[in-house]
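Just so you know, we're using my numbering here: the sequence shown kicks off at 41 and counts up by one. Glycine included, each C-beta is placed from N, C-alpha and C at the ideal position. These numbers come from a predicted model, not from an experiment. Reading through the structure tokens given below for one structure.
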Amino acid sequence: MKASEAGAFWERNAETWTRHVRAGYDIYRDALNSPAFLDALPPIEGRRGLDIGCGEGANTRHLARRGARMDGIDIAPTFIRHAQAAEAAAPLGICYAVADATSLPFADATFDFAAAFMSLMDVPDTAAVLGEAWRVVR
Numbered sequence: 041m042k043a044s045e046a047g048a049f050w051e052r053n054a055e056t057w058t059r060h061v062r063a064g065y066d067i068y069r070d071a072l073n074s075p076a077f078l079d080a081l082p083p084i085e086g087r088r089g090l091d092i093g094c095g096e097g098a099n100t101r102h103l104a105r106r107g108a109r110m111d112g113i114d115i116a117p118t119f120i121r122h123a124q125a126a127e128a129a130a131p132l133g134i135c136y137a138v139a140d141a142t143s144l145p146f147a148d149a150t151f152d153f154a155a156a157f158m159s160l161m162d163v164p165d166t167a168a169v170l171g172e173a174w175r176v177v178r
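Here's what the structure looks like:
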């Protein structure tokens, strides 16, 4: 599968996914996955981070509330539209962009860290994403 095909699948589901997760239907994410991940993080205050496959931006916002300066990317424009609307409603200084994780639109060594909350499993070329993450992290 190509990245564009995976992106098309997510784009078709993005509206419903966003509505459902914001209504609290993603119980595992909200009660288990995200809290466990956030509890395991080192201090990120003042660091610049990238959320790869940010979806509608919920976890990107969690990271920003911990004091990180965040960028979030997703291949599905609808997710980015919802993330940007949430940012406009309650600004945290997050920059969201539509981008393919296998070809990140950032210069080398731009970020202090990169995160990927349950997104790498949906990327056809995980090695390429990890290489790009390595490239953009200092």
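Residue environment, residue i, which counts as buried when at least 16 other CB atoms sit within 10 Å
{"i": "Ala-98", "result": "buried"}
{"i": "Glu-96", "result": "buried"}
{"i": "Leu-72", "result": "exposed"}
{"i": "Thr-56", "result": "exposed"}
Distance, residue j Cα to residue i Cα
{"i": "Arg-69", "j": "Asp-114", "result": "18 Å"}
{"i": "Gly-93", "j": "Ala-155", "result": "9 Å"}
{"i": "Ala-129", "j": "Ala-141", "result": "26 Å"}
{"i": "Val-138", "j": "Gly-107", "result": "23 Å"}
{"i": "Phe-49", "j": "Leu-160", "result": "15 Å"}
Opposing strand residues paired with residue i [DSSP bridges]
{"i": "Asp-148", "result": "Answer is none; Asp-148 lacks a bridge partner."}
{"i": "Asp-111", "result": "Leu-90 and Cys-135"}
Selected residue, minimal CA-CA separation from residue i, among the options
{"i": "Gly-171", "options": "Leu-78, Asp-152, Ala-46 and Leu-144", "result": "Leu-144"}
{"i": "Asp-148", "options": "Arg-178, Gly-112, Arg-88 and Arg-87", "result": "Arg-178"}
{"i": "Arg-52", "options": "Phe-151, Thr-118 and Leu-160", "result": "Thr-118"}
{"i": "Phe-151", "options": "Trp-50, Leu-160 and Asp-91", "result": "Asp-91"}
{"i": "Trp-174", "options": "Pro-164, Phe-153 and Ser-159", "result": "Phe-153"}
Endpoints, alpha helix (DSSP H) assigned at residue i
{"i": "Asp-79", "result": "74-80"}
{"i": "Gly-171", "result": "166-176"}
The beta strand (DSSP E) enclosing residue i, as first and last residue numbers
{"i": "Gly-89", "result": "88-92"}
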